[in-house]
Amino acid sequence: MIEIEIWQNPYFTVHVCFAEKVQLTFAVGHLALGYIIGKTSSKIFKVDINIPSLFVASIIPDIDLLIPGIEHRGPTHSIILLFLASIPLFVVWKKKAIPFIAALITHPVLGDYLTSTCRVQGIQLFFPLTKNWFYGSFQALNTAFVFLEVILLGIMLLLLVMTKDLQFFMQSHSSNILFAVPIVTALLPVFTQFPIPVPTALIIPHLILIILLSVPILIDLKTIIVGCKKNWFVS
Ligand SMILES: [Zn+2]
Numbered sequence: 001m002i003e004i005e006i007w008q009n010p011y012f013t014v015h016v017c018f019a020e021k022v023q024l025t026f027a028v029g030h031l032a033l034g035y036i037i038g039k040t041s042s043k044i045f046k047v048d049i050n051i052p053s054l055f056v057a058s059i060i061p062d063i064d065l066l067i068p069g070i071e072h073r074g075p076t077h078s079i080i081l082l083f084l085a086s087i088p089l090f091v092v093w094k095k096k097a098i099p100f101i102a103a104l105i106t107h108p109v110l111g112d113y114l115t116s117t118c119r120v121q122g123i124q125l126f127f128p129l130t131k132n133w134f135y136g137s138f139q140a141l142n143t144a145f146v147f148l149e150v151i152l153l154g155i156m157l158l159l160l161v162m163t164k165d166l167q168f169f170m171q172s173h174s175s176n177i178l179f180a181v182p183i184v185t186a187l188l189p190v191f192t193q194f195p196i197p198v199p200t201a202l203i204i205p206h207l208i209l210i211i212l213l214s215v216p217i218l219i220d221l222k223t224i225i226v227g228c229k230k231n232w233f234v235s
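The sequence shown begins at 1 in this note's numbering and counts up by one.
If you want it as structure tokens, here you go:
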């Protein structure tokens with residue numbers, strides 16, 4: 001779908017916006033931003049984070065892509081609905097929920113709103129108060145975001161090493177299976193389409209993330225298989 005918008009700003013310059021309903025921030029940017037913001041907030045509020053949950057939170061608003069009848073970047077990107085959905089989490093987990101909620105809110109605000117430049121790329125930021133589509137109109141940010149996503153991934157990997165969070169990916173944890181959510185819903189689908197719907201600069205970052213998030217799942221599988229074999233021998 002191509003939609004053209006023309007409007008005037010107070011200085012009477014006319015902007016013409018024509019674009020397909022395109023992806024703005026890709027999975028790499030959302031996942032990296034979610035981890036960086038979640039990790040930073042965990043330091044500020046002095047709480048531990050569950051790394052798989054952070055990755056799930058940073059990508060979960062895009063679940064609308066899998067639900068027929070719901071427009072992409074519609075209600076699931078509303079900060080009002082996300083805030084309301086976060087209340088039970090805060091009630092149950094108190095301060096520990098803050099990094100998760102921060103990663104969740106980061107998705108529409110930093111990931112999608114700031115990089116959108118017109119209606120067709122906008123998000124329903126304040127649904128259900130208004131069904132208007134909001135967009136940041138930061139053209140420079142929109143253009144540069146592919147490269148920013150590569151930089152954000154670099155910062156994320158650096159943080160993983162510096163904070164020793166990388167060790168988490170080398171160990172068996174009950175929550176490791178959550179890594180399958182971003183892999184199956186956001187990362188792998190990129191490679192099931194032709195042509196690949198991400199800029200060339202983001203193909204290797206996508207592959208890096210697929211490998212990184214797959215390692216803990218494979219470690220869990222190995223642990224389960226070894227455990228089963230031991231049980232077979234015992235019984
Ligand atoms: Zn989104």
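The C-beta atom is built at its ideal place from N, Cα and C for all residues, glycine as well. Please read these numbers as outputs of a predicted model, since none were measured by experiment.
Near ligand 1: residue i beta-carbon under 7 angstroms from a heavy atom
| i | result |
| --- | --- |
| proline 284 | The first residue shown for the chain is 1 and the last is 235, placing residue 284 beyond what the model contains. |
| aspartate 48 | no |
| aspartate 62 | yes |
| glycine 122 | no |
| glycine 111 | yes |
| histidine 206 | no |
| histidine 173 | no |
Where residue i falls, given that 16 or more other Cβ within 10 Å makes a residue buried
| i | result |
| --- | --- |
| methionine 156 | buried |
| aspartate 48 | exposed |
| leucine 182 | The sequence as given places proline at residue 182; leucine does not occur at that position. That one is buried. |
| isoleucine 204 | exposed |
| glycine 111 | buried |
| glutamine 124 | buried |
| tryptophan 232 | exposed |
| valine 247 | The shown model of the chain, from 1 to 235, leaves out residue 247, and the question about it has no answer. |
| phenylalanine 55 | buried |
| phenylalanine 147 | exposed |
| phenylalanine 145 | buried |
| isoleucine 4 | Annotation note: pLDDT 43 at isoleucine 4 (below 50); position unreliable, no value reported. |
| cysteine 118 | buried |
| asparagine 132 | exposed |
| phenylalanine 194 | exposed |
8 angstroms CB neighbourhood of residue i in its chain, flanking five on each side removed
| i | result |
| --- | --- |
| isoleucine 63 | Thr76 and Thr185 |
| serine 53 | Phe100, Ser175 and Leu178 |
| leucine 129 | Ile80 |
| proline 108 | Pro61, Arg73, His77, Ser78, Ile79, Leu82, Ile123 and Leu125 |
| valine 215 | Phe169 and Met170 |
Coarse secondary structure for residue i, derived from DSSP in three states
| i | result |
| --- | --- |
| phenylalanine 45 | coil |
| phenylalanine 145 | helix |
| isoleucine 210 | helix |
| phenylalanine 127 | coil |
| phenylalanine 134 | strand |
| histidine 173 | coil |
| asparagine 50 | coil |
| serine 116 | coil |
| histidine 72 | coil |
| phenylalanine 100 | helix |
| lysine 39 | helix |
| glutamine 167 | helix |
| valine 181 | helix |
| lysine 21 | Per-residue confidence for lysine 21 stands at a pLDDT of 49, beneath the threshold of 50, marking its modelled position as unreliable; no derived number is given. |
6 angstroms CB neighbourhood of residue i in its chain, flanking five on each side removed
| i | result |
| --- | --- |
| glutamate 71 | none |
| valine 198 | Phe26 and Val190 |
| tyrosine 35 | Leu54 and Met156 |
| threonine 223 | Ser172 |
Residues near residue i in its chain [Cβ-Cβ closer than 7 angstroms; skip 5 each side]
| i | result |
| --- | --- |
| serine 41 | Ile98, Pro99 and Ala102 |
| valine 28 | Glu149, Leu153, Leu202, Pro205, His206 and Leu209 |
| isoleucine 51 | Asp165 and Phe168 |
| leucine 65 | His72 |
| isoleucine 37 | Ala102, Ala103 and Thr106 |
* Kindly confirm or deny that the region 165–172 and the region 211–224 touch, where touching means at least three C-beta pairs closer than 8 angstroms. => yes
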